[in-house]
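As structure tokens, the structure follows; a few thoughts come after it.
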Amino acid sequence: RNSTVKFVIIATPRSGSTWLASAIRHTSGVALHKAECFHTQKALHNCVNEWKVPGFGMPASVSESMMKPIEYLTPILSLPESAIKTHVGFKWMVNQGLKTRTDRVQALRYFNTHDVKIVVLERENFLRKCYSRYDMRRKIQINEPIFDHPTFEQRLALLARIQWEVPYHFWTWCLHRTRKDSQALRHMVVNGSQVLVVKYKKLCRKRTRKEELRKIQEFLGLSYEINPNVDTIKSHRGDLHNLIKNWDIQSEKLSDVFPEIHSWEQAECDSDEAFSQESASNDRSASYATNGRILQEVHRQAQN
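Shown next, in the form of structure tokens:
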């Protein structure tokens, strides 16, 4: 299937890659793996076997295989002859699987020599990425069901009012880690032969979203437009002062290490601005109840 266009979406955690992958996957003619193929052994196994390409099956346990991680790229980017698809791709988070510099260099060499197009999704606001990461962790700890992008608007509106007291050590760890991941992403941008950089900030704003998706369509050579109205909702919205209990204290301390902090505090997406205005018009103590009361109401609605 030499005429099939191969591509990879490369991103870092909490960058909107689930939304983007879903939008592209629902475009006619596209076969895009549902799993993040290098996330776990199970995910890798599922990707290799998902389309049952002859000659590319693998053992039930990846550990039983002697193949190196880089060798899985060919089966992941292959389709059976019977598949009526023009494009095949997968999503790769740079902190998963092929995460050493040697792995990334080898992967990039493979992409360049096998005519694989690279769509790099960048979210430059490290602060909101880290808050999203912390919020996800805390909800897992309290056994709150996690949806990457909940489609239940009423439930999401309640969850958006939770305020976490984020510890300083988490911010420093996460911001340094995010910067490292971003550098790995830039390595792909600089050294890839066919690369398109897509900005998260443009995708989450209505006035620029359609144009950004059009760039992806043209870059990949898709015959159909990518639908911008994927049935997902942004999980974290509003002003950071409303999302984080101790933000005034933390931001002052963090600004000494990360001067960009104050620029990252600004609204990133349309939904941030709208939610901040809504919160400002209400009494803050009334709008943001205790986390316990909020979760009780969320669970009550889930039971109903």
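Residue numbers (my numbering): 559 to 862. A virtual CB, placed ideally from N, CA and C, is assigned to each residue, including glycine.
Whether residue i touches residue j by CB criterion (8 Å)
i	j	result
Ala593	Ala581	no
Lys564	Asp673	yes
Tyr758	Arg681	yes
Ile568	Met694	no
Pro786	Arg767	yes
Trp722	Cys688	no
Val534	Glu770	The structure shown does not extend to residue 534, since the chain is modelled only from 559 through 862, so no value can be given for it.
Val606	Pro627	no
Glu608	His591	yes
His603	Leu780	no
Val748	Ile802	no
Thr598	Asn653	no
Arg686	Glu818	no
Segment limits, beta strand (DSSP E) that includes residue i
i	result
Trp650	645-651
Leu754	753-757
Ile676	674-680
Nearest candidate by alpha-carbon position, reference residue i, set the options
i	options	result
Arg659	His645, Tyr782, Gln741	Gln741
Leu679	Gln699, Asn749, Leu743, Gln752	Leu743
Glu776	Val753, Val652, Lys803	Val753
Trp650	Arg583, Val606, Phe596, Gly750	Phe596
Trp577	Leu778, Ser821, Leu761, Gly796	Leu761
Ser821	Asp828, Arg691, Leu798	Leu798
Arg572	Leu733, Arg667, Phe816, Arg765	Leu733
Glu639	Ser561, Arg696, Ser690, Trp805	Ser561
Asp739	Ala579, Arg667, Asp828, Leu656	Leu656
Gly796	Asp828, Arg765, Asn804, Trp731	Asp828
Ile720	Trp731, Gly574, Arg696	Arg696
Arg735	Lys610, Phe816, Val611	Phe816
Sheet register partners of residue i (DSSP bridge)
i	result
Lys564	Val646, Val674
Ala665	None, per the DSSP bridge assignment.
Ala601	Ala601 is not bridged to any residue.
Ala569	Met651
Trp722	Ile802
Limits of the alpha helix (DSSP H) - the one that residue i falls within
i	result
Val588	Element bounds for Val588: not the alpha helix (DSSP H) but the beta strand (DSSP E), 588-594.
Asp806	805-812
Gln699	684-699
Arg583	575-583
Leu798	798-801
Lys773	764-778
Thr632	631-634
Ile819	819-822
Expected contact under 8 Å - CB spacing of residue i and residue j to nearest Å
i	j	result
Leu635	Lys643	Incorrect: roughly 12 Å between the Cβ atoms, too far for contact.
Ala589	Ala665	With a Cβ gap of about 20 Å, Ala589 and Ala665 do not count as contacting.
Phe669	Arg737	That pair is no contact at about 24 Å.
Ser809	Glu823	7 Å
Tyr782	Gly647	So it is not a contact: roughly 15 Å between Cβ atoms.
Tyr726	Lys811	6 Å
Ile676	Gly750	5 Å
Contact with chain C by residue i, beta-carbon distance below 8 Å
i	result
Thr658	Among the protein chains of the structure shown there is no chain C, as only one such chain exists.
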